[in-house]
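Colleague: Numbering (our numbering), first residue to last: 31 to 492.
Built from N, CA and C at the ideal position, the CB exists for glycine as well.
In structure tokens, the structure reads:
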């Protein structure tokens with residue numbers, strides 16, 4: 031086929047398609063082009079909306095220090111999400127405060143973070159975050175050396191590791207010390223050291239510090255078990271737990287039963303009362319609903335089992351603290367995964383779901399819209415023919431009662447004008463019967479006017 035022949039063939043195909051629409055709806059070329067253009071714009075708008083509604087294929091999670099519980103938990107999420115075709119990037123951090131700072135900064139592009147519940151601060155944009163619920167308990171563990179300690183106020187004058195800058199551990203440790211009269215601005219002989227869990231554990235074993243505040247945010251359960259077994263290191267039991275919970279409303283009371291760490295060695299040797307917040311999954315406010323469901327499904331698998339500080343099936347739970355739980359998370363907790371996601375792969379279910387949500391309503395609107403446009407133009411054609419009937423009827427009535435020759439000549443000229451205009455009308459096949467009836471009436475009126483002379487009949491165009 032020659033290069034010149036291809037454009038000709040394409041032009042034929044275009045005219046064939048246009049003619050098909052004209053014949054299908056019985057409309058003229060202008061109307062057909064209008065219908066096709068409107069339909070094309072609606073389809074393009076639908077496709078754009080369909081493409082934009084697709085979930086991103088990557089997810090960025092801000093976790094905690096390397097090998098901490100937060101970091102390992104984020105890695106578990108990554109493994110599960112990647113099975114569904116979502117690429118996950120796990121970022122390490124100093125802890126909850128840095129995670130909140132990243133979620134507050136659009137440049138960080140962080141989608142999800144593991145955060146200590148109850149944190150606050152004017153520097154964080156909480157209105158741009160949503161909670162996906164709480165995923166576990168996080169007790170504050172205060173390890174110390176020396177004689178048995180009854181009150182936290184006994185740490186005054188000691189050297190204490192309180193966690194790293196940017197961690198929720200440090201913020202809560204300072205709050206607990208503050209309500210016991212040990213304030214950062216008036217420490218006296220008390221020394222507060224910014225240390226991560228590993229460094230604090232090592233320093234405590236070497237007797238370089240007197241106490242350490244540790245949470246799962248910056249420590250692994252393995253590290254915690256190691257410290258519980260270490261000689262000379264004790265775990266503080268909060269005898270005033272009820273009072274702490276009333277002073278700091280986002281704290282909860284936990285019990286570590288005797289022997290729960292090691293039954294054979296009876297560790298701990300007695301029941302220990304602990305306090306601490308819950309851990310929340312916090313997401314950017316624009317996290318895609320499909321990814322929200324996928325994350326919460328993974329959370330159910332990861333956190334649903336019993337562990338040292340929680341019962342089976344206790345988590346995840348839609349308990350919110352300083353950040354409002356999202357509508358998508360609320361729906362998930364009430365009804366679980368949608369029907370499609372239960373039986374199909376994530377991407378196929380999402381594709382069908384988006385089709386139903388985005389394209390189906392457009393198709394429902396498009397079909398009647400396409401049918402209404404031709405109907406409108408057919409209505410206009412009927413009105414046009416009927417208006418000619420009205421003119422013709424008025425002219426006939428006036429002609430029957432008119433006696434003045436000059437007025438009769440004027441009426442004949444008016445009739446010729448009407449007849450000429452009607453003959454130039456473009457009428458589609460659907461209105462041919464009405465048009466020919468109109469022509470018959472024109473011939474009848476012409477016969478009335480042709481008693482003294484014939485009026486030439488114009489050629490009609492169909």
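If distances are taken between C-alpha atoms only, which option among 328, 468, 447, 355 comes closest to residue 113?
Modeller: Taking only the C-alpha atoms, the option nearest residue 113 is 328.
Colleague: Distance check for residue 453 and residue 438, CA to CA, integer angstroms please.
Modeller: Going by the C-alpha atoms only, they are around 22 angstroms apart.
Colleague: Does residue 36 come out as helix, strand or coil in the three-state DSSP assignment?
Modeller: Only weak support exists for where residue 36 lies, its pLDDT of 47 falling under 50; the coordinates are left without a value.
Colleague: For residue 141 versus residue 352, is the C-beta spacing smaller than 8 angstroms?
Modeller: No; because the gap between Cβ atoms is not below 8 angstroms, this pair is not in contact.
Colleague: Nearest by alpha-carbon distance to residue 346: which of 330, 359, 361 is it?
Modeller: For residue 346, the nearest C-alpha among the options comes from 330.
Colleague: So, at 8 angstroms on beta carbons, what are the nonlocal neighbours of residue 211 in its own chain, with the 5 sequence-adjacent residues on each side left out?
Modeller: These residues qualify, in order along the chain: 183, 186.
Colleague: Please work out which residues of its chain come closer than 6 angstroms, Cβ to Cβ, to residue 306, disregarding the five sequence neighbours upstream and downstream, and give them in chain order.
Modeller: Counting only Cβ-Cβ distances below 6 angstroms, and skipping sequence neighbours, we find 168, 169, 170.
Colleague: Would you call the region 227 to 243 in contact with the region 107 to 121, where contact means no fewer than 3 C-beta pairs closer than 8 angstroms?
Modeller: No contact exists between the region 227 to 243 and the region 107 to 121.
Colleague: Per DSSP, what are the beta-bridge partners of residue 308 in this structure?
Modeller: In DSSP, residue 308 forms a bridge with 167.
Colleague: Nearest to residue 323 by alpha carbon, out of 361, 479, 440?
Modeller: When only C-alpha atoms are compared, the closest one is 361.
Colleague: Within the continuous beta strand (DSSP E) that includes residue 365, where are the two ends?
Modeller: It is not in any beta strand (DSSP E) - residue 365 instead sits in the alpha helix (DSSP H) that spans 357 to 365.
Colleague: Using 8 angstroms as the threshold, is the region 195 to 205 in touch with the region 122 to 139, meaning 3 or more CB pairs across them?
Modeller: With the cut-off at 8 angstroms, the region 195 to 205 and the region 122 to 139 touch.
Colleague: Between residue 398 and residue 435, what straight-line distance do the alpha-carbon atoms span, to the nearest angstrom?
Modeller: Taking the straight line from one Cα to the other gives about 55 angstroms.
Colleague: Within a Cβ cutoff of 7 angstroms, which residues of the same chain sit near residue 147, ignoring the five residues on either side of it in sequence?
Modeller: Around residue 147: 164, 280, 307, 308, 309, 310, 351.
Colleague: Rounded to a whole number of angstroms, what is the C-alpha to C-alpha distance between residue 364 and residue 209?
Modeller: Those two C-alpha atoms are separated by around 39 angstroms.
Colleague: Based on the DSSP secondary-structure assignment, which residues constitute the bridge partners of residue 89?
Modeller: Looking at the DSSP assignment, residue 89 forms a beta bridge with 118.
Colleague: Which runs of the alpha helix (DSSP H) at least 4 residues long sit entirely within the region 155 to 205? Give them in chain order.
Modeller: Correct list: empty.
Colleague: For residue 274, tell me which candidate among 219, 246, 303 has the shortest Cα-Cα distance.
Modeller: Comparing Cα-Cα distances from residue 274 to each of 219, 246, 303, the minimum goes to 303.
Colleague: CA-CA distance, residue 358 and residue 348?
Modeller: About 11 angstroms.
Colleague: DSSP state of residue 264, grouped into three classes?
Modeller: Here residue 264 sits in strand by DSSP.
Colleague: Which residue from 98, 132, 99 puts its Cα closest to that of residue 90?
Modeller: Checking every option, the nearest Cα to that of residue 90 belongs to 132.
Colleague: Thinking residue 145 and residue 355 are a contact (beta carbons under 8 angstroms), I'd like their distance in whole angstroms, please.
Modeller: Their Cβ separation, rounded to whole angstroms, is 13 angstroms, which puts residue 145 and residue 355 out of contact at 8 angstroms.
Colleague: Rounding to the nearest angstrom, what Cα-Cα distance links residue 342 and residue 271 in this structure?
Modeller: Distance between the alpha carbons of residue 342 and residue 271: 24 angstroms.
Colleague: In the DSSP assignment, find the unbroken alpha helix (DSSP H) run with residue 446 in it and report its ends.
Modeller: Here the alpha helix (DSSP H) through residue 446 covers 435 to 453.
Colleague: Nearest by alpha-carbon distance to residue 204: which of 250, 301, 149 is it?
Modeller: Checked all of 250, 301, 149; the closest Cα to residue 204 is 149.
Colleague: Taking the CB atoms as reference points, tell me whether residue 247 and residue 87 lie closer together than 8 angstroms.
Modeller: No.
Colleague: Bridge partners for residue 421 per DSSP, in chain order?
Modeller: According to DSSP, which records beta bridges pairwise, residue 421 is partnered with nothing at all.
Colleague: Can you pull the DSSP bridge partners for residue 282?
Modeller: Residue 282 is bridged to 306.
Colleague: Provide the residue(s) that pair with residue 347 in DSSP beta bridges, ordered along the chain.
Modeller: Answer is 164.
Colleague: Please name the residue in 252, 338, 340, 257 whose C-alpha comes closest to that of residue 234.
Modeller: Here the closest residue by C-alpha is 257.
Colleague: Might you give, ordered along the chain, the residues of its own chain that have their beta carbon closer than 7 angstroms to the beta carbon of residue 40, omitting 5 neighbours on each side?
Modeller: Because residue 40 sits at a pLDDT of 47, beneath the cut-off of 50, its placement in the model cannot be relied upon, and the point is left open.
Colleague: State the start and end residues of the unbroken beta strand (DSSP E) segment that holds residue 241.
Modeller: Segment 241 to 244, the beta strand (DSSP E) holding residue 241.
Colleague: What is the C-beta distance between residue 173 and residue 263, in whole angstroms, given that I count them as a contact (C-beta under 8 angstroms)?
Modeller: Yes, residue 173 and residue 263 are in contact; Cβ-Cβ is about 5 angstroms, under 8 angstroms.
Colleague: Tell me the residue span of the beta strand (DSSP E) that contains residue 221.
Modeller: Segment 221 to 223, the beta strand (DSSP E) holding residue 221.
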